Every structure is written in structure tokens, then in C-alpha cells.
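A.B. asks: Got a structure here, written out as C-alpha cells. Questions coming.
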Amino acid sequence: MNDTIKTILSHRSIRKFKNEPLNNETVETLVKCAQAASTSSYQQVYSIIGVEDKGMKDKLAALAGGQNYVAENGYFFVFCLDYHRHMLAAEMTGSDIADTVESTEGFIVGTADAALAAQNMAVAAE
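FYI, the numbering for the sequence shown is 13 to 138, going by my numbering.
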């Protein structure tokens, strides 16, 4: 059994993280791993936001229903559905993508892409 399979099979969700900052190299590596995830039509319609500020993490924890693990960590990644880059590219080429961006399918594609990226990052972080 290879190391990746061992990591996946030994995964446990405990939501208790070390309150140690990540260095830039680790953050960049984790983001690259997230970006390497499979996507729908290679769209990558998500953004990854890194949060280090304790006050901001506290606000996010409150918005997440008081989930302490959102605030108590060394670095918090937020994955957001984001069609903004696609809309800018469409404007530059005179294309109309409103039907795609505003559709249920577009929402599902973006959500799935973000979830796949987050899972890739989680496996890499372990």
C-alpha cells in the first residue's frame, strides 16, 4: 500500500489544530496541491483565501455558528465559489456567460470544484 492510500485510510476528523503559523513555502505547496485537483472542464471556479489574523478568524468562527476550530488554528483556508475571473475573461472577449454563471449547474460545478480542491489540500496537509 502506498503512502497516499495509507494517509487517506488513516484520516480522522477531529477538528483540533495546532495554533502554529504556516510558513510561506507550506502555504504555497498546499495551494498548489489544491489547484491540482480534478475540475469540471478545467474551470477552477473557486478562490482560496488564507486567513492568519486572529480577529478575522474569530469573526469567521461566529459566522460559522460558533465553530471554535475556525478560530483556533495557525492558518485558516477559506474556499469560495468564484466566477469573477471567468466574467472578466468573457468581458474581454465579448462573450456572454451569464447563463452559465447564474445557472444551477454553474453553482454545482463551482461547489464541486471547490470541494475537490479542499480535499486535495486536506490530504496534502496530513
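In this text, a Cβ means the ideal position worked out from N, Cα and C, and glycines have one as well.
None of these values were measured; they are calculated from a predicted model.
What is the rounded straight-line gap between the Cα of V57 and the Cα of D125?
C.D. replies: 7 Å
A.B. asks: In three-state DSSP terms, what is I26?
C.D. replies: coil
A.B. asks: Can you check whether the CB of H96 is closer than 9 Å to the CB of S59?
C.D. replies: Yes.
A.B. asks: Under a three-way DSSP split, which group does V113 fall into?
C.D. replies: helix
A.B. asks: Taking Cβ positions, are I20 and V135 nearer each other than 9 Å?
C.D. replies: yes
A.B. asks: What distance in whole Å lies between the Cβ atoms of K30 and G86, which are believed to be in contact at a cut-off of 8 Å?
C.D. replies: Under the criterion of beta carbons closer than 8 Å, G86 and K30 qualify as touching, at roughly 6 Å.
A.B. asks: Whole alpha helix (DSSP H) runs in the segment 41 to 94 with 4 or more residues, listed along the chain?
C.D. replies: 66 to 75 and 80 to 83
A.B. asks: Please report the residue range of the alpha helix (DSSP H) in which D15 lies.
C.D. replies: D15 to L21
A.B. asks: Measuring alpha carbon to alpha carbon, tell me which residue in V90, M133 and K69 is nearest E84.
C.D. replies: K69
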